[in-house]
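Protein sequence lines correspond, in order, to chains A and B.
Be aware that the first sequence starts at 14, since it is given in the numbering used here, and climbs by one per residue.
Be aware that the second sequence starts at 30, since it is given in the numbering used here, and climbs by one per residue.
Every residue gets a Cβ at the ideal spot worked out from N, C-alpha and C, and that includes glycine.
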Amino acid sequence: MSTPMLEVTGLNAAYGQAQILFDMNLKVRANEVVAIMGRNGAGKSTTFKALMGHLKNRSGSVRLRGEAIEKLPVYQIARRGLGFVPEDRRIFSELTVLENLDLGRQPPREGAAEWTVETLFDAFPNLAAMPDRPGSDMSGGEQQMLTIARTLMGNPYLVLLDEPSEGVAPVIVERLARLILDLKAKGLTILLSEQNLAFAAALADRAYVLDRGHIVFEGTMAELSANEAVCRAYLTM
Amino acid sequence: MYDASTLFAQLLNGLSYSSTLFLVASGLALIFGVTKIVNFAHGSFYMLGAYIALTVTNALPTTGFGFWGGVVIAALVVGAIGCLIEVTILRRIYQAPEVFQILVTFGLVLVFQNLIYEFWGPDEVLAPRVPGLKGAVTIFGERIPQYNIALIFVGPVFLGLLWWLTHRTRWGRLIRAATQDREMVASLGVNQKTLFTAVFFIGTFLAGLAGALQIPKESANLQMDINIVVEAFVIVVIGGMGSIMGAFLAAVLVGVINAFGVLFFPQAVSVLIFLVMVLVLVFRPNGLLGGRMVAQRPGDLSIDQPFRLPTRAMKQAMLAAVLALALLPLVLPLYFEVIMTEVFILAIFAGSLHFLLSVGGIVSFGHAAYFGLGSYAAALVATRLGLPMAAGVLAAMVAGAGGGLLFGWFCTRLKGVYLAMLTLAFAQILFTLSIQMVSVTGGDNGIVGLTRPSWLNSHMAYYYLALAAAVLATRLMRRALYAPFGFAFRAGRDSLARSAAIGIDTARIQWGAFVLSGAFAGLAGALMAYHRGSVFPTDFSVSTTVDALVMVLVGGVQSVSGPLIGALSYHFVSVELIRNLADYWRLILGLFIIVFVLGVPQGIVGAFMNRFGKGER
Ligand SMILES: Nc1ncnc2c1ncn2[C@@H]1O[C@H](COP(=O)(O)OP(=O)(O)OP(=O)(O)O)[C@@H](O)[C@H]1O
Ligand SMILES: [Mg+2]
């Protein structure tokens, strides 16, 4: 069996004294789309912050393509090919679309899809229409697209997508879903967090359900959709 | 009145000073924007630039190349020193509460002052005229040095360079991106450490350059550092935090006001600039070109656990301690009696700062203002009006409270570092006024001849008065702490937004705290004035504030008895230091502050937290 793209074992994380994640085990195989599901405050964003190294107060092992990254600083983790799209988008509002993209640029990576501004503009036609617009003048959906595109400029192996559908108009949600499927088709591996079961079901191969920092369910998307008890107890319907 | 040509000449002189101000302030803004460190040592890099340039230009041939080359070399050396400081010291405190950052950079100020004093001596040093620009230009019949004219262009040129750097290069855009969101920049694979070091290099290079360029105009002296850094703070606040264009506009404004102020209100230039700052802040709270206020990390010094009400055992212990202190004069030699009297007075002062700092989370970096207001009010009432001591003490408390009322009004409209800068600016203005308004304040000589009533003339009597005052003041401040007012104040410290949501008028509460704190600091000032029999401008000085801050720091930011313990240990040590190692006390104090803050990683707060087993900071 080949090494998984991402393998997390025994991940614990805390803000100060308050422990949020408990002994989490996750596995994402190459070219898979995996969803972490759970209600508000379940610990989805915390998981991503811990994986990315933003949350220093953590223990456990994180391996990206077999390489241990849990001791590395944030920028080194990013340079190993882990991309991060945070939930609050965080585009650089003073900078234009092109400048935002440029800051995400990293050298191409062996075995990962290679992105340029041109190929990204093909994949994100609405961004191509506004290359010189400053980030502050973009709608929430456009900002979400830009954050994803900016992360792709780093040619990552795996992208952590934190609640991409949150606070975005339904039309855009649909477009986002298609985009994510396109990215998967191009070979990208994605770990996304989601509250919306329908959205996740359309995209993900497998899912983990998180409740107050514990993984309470693990299985394929079909298994999760069929498991009414878990859905009712831990997910917003 | 002055004629038009004089005014025009003065305008040009002002603009040439604007260039200097801009170089310093833009470096400060750049460093603050990216690292979020308020670099109090920025003025020290400016001063260092001036002194190094003196040495280097003296060593080089006296040609145009020699001078300009020397200036650039000096700036580069200063930049390199800046890098060294960033890598060895500042890098460790990026996550620390801002009061610790301010203290560490102020520790650097002391170290640099002492080192420069060691290497270049205490006297002012003037550079020779600049080869090639020795003459003067005659404009409308007024002679203006060529060098000043040349300097006018330096500001715009560097504005252009900085604009080009931050808008036209990827690296510069990274700086702007990091100014907005450091974490995200790291998530994109950018090494923040190198970015920060590089930004620090540019910032300190600019400061060093400004200092080096200043030497043909102004003799290098050991007061340059604080003077310029306060002006740079004012400019950064007026221009809008982190905005380089804003810093430029503000530098021009301040430079020109300075130039005209010297003509029309020679004694009150600093007040004029301060009034302009107030006007700007009233109409544009974020400065001329500032965006929204930088989100501050709230609760930096906060704890989840409220202060505890004293238990019976604690009360008994305190009572025993007070009794012991009361019996002390029976056995103490006179020298210690005097020192202990000062300790009590300083404990009141430190306590008033502690009240704002650890209870309200307000970094009052100009706390000496209230102390000085108190001491001068007492001195004026005593010597000019000839009123008895009680009146002097009352006037001091009213003056301190009035200062708190006035400054608090502005300060509670700002947060975090803005507030620290503004309080420092206030204190510095009073400091300058106390030196310049000779007819009222006696200038550098201060006011002497305060006399105590005869029943307080003995050292022992005054010892008991100071002890009683300290006990009473501490008790009153504790009362306030556990009153509804105190709870609301602490709520504001922990989260301004949430306290506002539950209907607490945080600005009013904080304003009240300023008044209360000011009154007690004023009391301390008055007691010190009557203790010494005299008052001096140093009562307003930064080092007086720092003394109090260090006492609070040493005593423990979160412990209510901290100020007394801090005053006790700090005052004895500093008195001995100044007595025995007068030439090095700044160096030692500076290093002590730096090592103390770095050595106790989460500072005293952390130690306290550990003891009480509570969460992160
Ligand atoms: N900076 C922080 N400090 C302390 N506790 C935090 C912090 N951020 C989040 N928490 C707590 O951690 C828990 C998990 O939060 P997290 O943001 O990971 O949830 P989430 O699953 O992403 O929720 P949402 O769907 O609302 O985004 C919550 O209980 C939250 O209150
Ligand atoms: Mg979240």
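Within chain B, partners of residue i - CB distance below 7 Å
i: A:E107; result: R205, Q209
i: A:R92; result: G218
i: A:G167; result: L217, G218
i: A:R103; result: D210, M213
Integer-rounded CB distance, given that residue j should sit under 8 Å from residue i
i: B:A555; j: B:G421; result: 6 Å
i: B:T574; j: B:A456; result: 6 Å
i: B:L137; j: B:S73; result: 6 Å
i: B:L479; j: B:A408; result: 6 Å
i: B:A38; j: B:E171; result: 4 Å
i: B:L77; j: B:G237; result: 6 Å
i: B:F543; j: B:G395; result: With 8 Å as the limit, B:F543 and B:G395 do not qualify as a contact, their Cβ atoms being about 11 Å apart.
i: A:L111; j: A:V130; result: 7 Å
Close Cβ partners of residue i (< 6 Å) along its chain, the five nearest in sequence each way excluded
i: B:N143; result: R615, L616
i: B:V133; result: I122, I623, V626
i: B:T49; result: A239, Q243
i: B:A54; result: A261, I264, V265, A276, A280
i: B:V183; result: S48
i: A:F97; result: M65, L173
i: B:L310; result: none
i: A:S106; result: G148, S149
i: A:R163; result: N113, L114, G117
i: B:G232; result: G56, L59, I60
i: B:L139; result: R615, L618, G619
Under 9 Å by beta carbon: chain A residues contacting residue i
i: B:R199; result: E112, D115, L116, R118
i: B:R313; result: Simply none; closest approach about 19 Å.
i: B:R615; result: None at all; the shortest Cβ gap to chain A is about 36 Å.
i: B:R561; result: In chain order: nothing, as chain A lies at least about 46 Å away.
Cβ-based neighbour list, residue i, same chain, cut-off 7 Å, excluding 5 preceding and 5 following
i: B:M580; result: L375, A379, P592, G595, A596, Y599
i: A:A306; result: In the structure as shown, chain A starts at 14 and stops at 250, and residue 306 of chain A therefore has no counterpart that could be examined.
i: B:S248; result: E153, V154, L155
i: B:D473; result: I464, P566
i: A:L184; result: Per the sequence shown, residue 184 of chain A should be read as Val rather than Leu. Closer than 7 Å at Cβ, skipping near neighbours: no residue.
i: A:F134; result: L140, A141
i: A:L34; result: L24, N25, A26, G56, T59, T60, A63, G226
Contact set between residue i and chain D, taken where Cβ atoms lie within less than 7 Å
i: B:R537; result: Of the protein chains in this structure, namely A and B, none is chain D.
Interface partners of residue i on chain A, CB under 8 Å
i: B:R120; result: In chain order: nothing, as chain A lies at least about 13 Å away.
i: B:R481; result: Neighbours of B:R481 on chain A: none; closest Cβ ~52 Å, over 8 Å.
Within chain B, the residues that residue i reaches when beta carbons sit closer than 9 Å
i: A:F97; result: M213, S216, L217
Beta-carbon contacts of residue i that lie in its chain and below 8 Å, excluding the five residues immediately before and after
i: B:S603; result: D576, W614, L618
i: B:N177; result: L41, N42, S45, K246
i: A:L248; result: M50, G51, R52, Q208, L210, V222
i: B:G319; result: G268, G269, M270, G271, S272, G275, R313
i: B:V63; result: I204, A207, T208, R211, L224, F225, V228
Practice prompt. Taking only beta carbons into account, state which residues of the region 46-67 of chain A come closer than 7 Å to chain B, listed in chain order.
Written response: M65, H67
Worksheet item: Any residues in the region 257-275 of chain B with a beta carbon nearer than 8 Å to a beta carbon of chain A? Which ones, in chain order?
Response: none
Fill in: Interface residues of the region 110-132 of chain A facing chain B [CB-CB below 9 Å]
E112, N113, D115, L116, G117, R118, Q119
Item to complete: Taking 8 Å as the threshold, find out whether the region 90-101 of chain B comes into contact with the region 218-236 of chain B through three or more Cβ pairs.
Response: no
Practice prompt. Using a Cβ-Cβ cut-off of less than 8 Å, list which residues of the region 209-237 of chain B approach chain A; keep chain order.
Written response: Q209, D210, E212, M213, V214, A215, S216, L217, G218, V219, N220, Q221
Worksheet entry | Short-range partners of chain B found in the region 208-228 of chain A, where Cβ spacing is below 8 Å | none
Practice prompt. May I ask you to list, following chain order, the residues of the region 169-182 of chain A that have a beta carbon less than 8 Å from some beta carbon of chain B?
Written response: none
Worksheet item: Using 8 Å as the threshold, is the region 395-402 of chain B in touch with the region 554-574 of chain B, meaning 3 or more CB pairs across them?
Response: yes
Worksheet item: How about the region 68-77 of chain B and the region 291-306 of chain B: do they share at least three Cβ pairs that are nearer than 8 Å?
Response: no
Practice prompt. Note down, in chain order, all residues in the region 70-90 of chain A with a beta-carbon under 7 Å from any beta-carbon belonging to chain B.
Written response: V87, Y88
Worksheet item: Between the region 144-155 of chain B and the region 226-245 of chain A, are three or more C-beta pairs nearer than 8 Å?
Response: no
Worksheet item: If we count Cβ pairs, one from each stretch, closer than 8 Å, do we get three or more for the region 39-46 of chain B versus the region 195-209 of chain B?
Response: no
Discussion item. With three or more C-beta pairs closer than 8 Å as the rule, is the region 104-122 of chain A touching the region 210-219 of chain B?
Written reply: yes
Worksheet item: Quick one: any contact between the region 348-360 of chain B and the region 491-504 of chain B, if contact means 3 or more CB pairs under 8 Å?
Response: yes
Discussion item. So, does the region 46-55 of chain A touch the region 20-30 of chain A, judging by three or more C-beta pairs under 8 Å?
Written reply: no
Discussion item. Tell me whether the region 65-77 of chain A and the region 24-33 of chain A touch, counting them as touching only if at least three CB pairs, one residue from each stretch, are closer than 8 Å.
Written reply: yes
Practice prompt. Could you run through the region 401-428 of chain B and flag, in chain order, every residue whose CB is less than 7 Å away from some CB of chain A?
Written response: none
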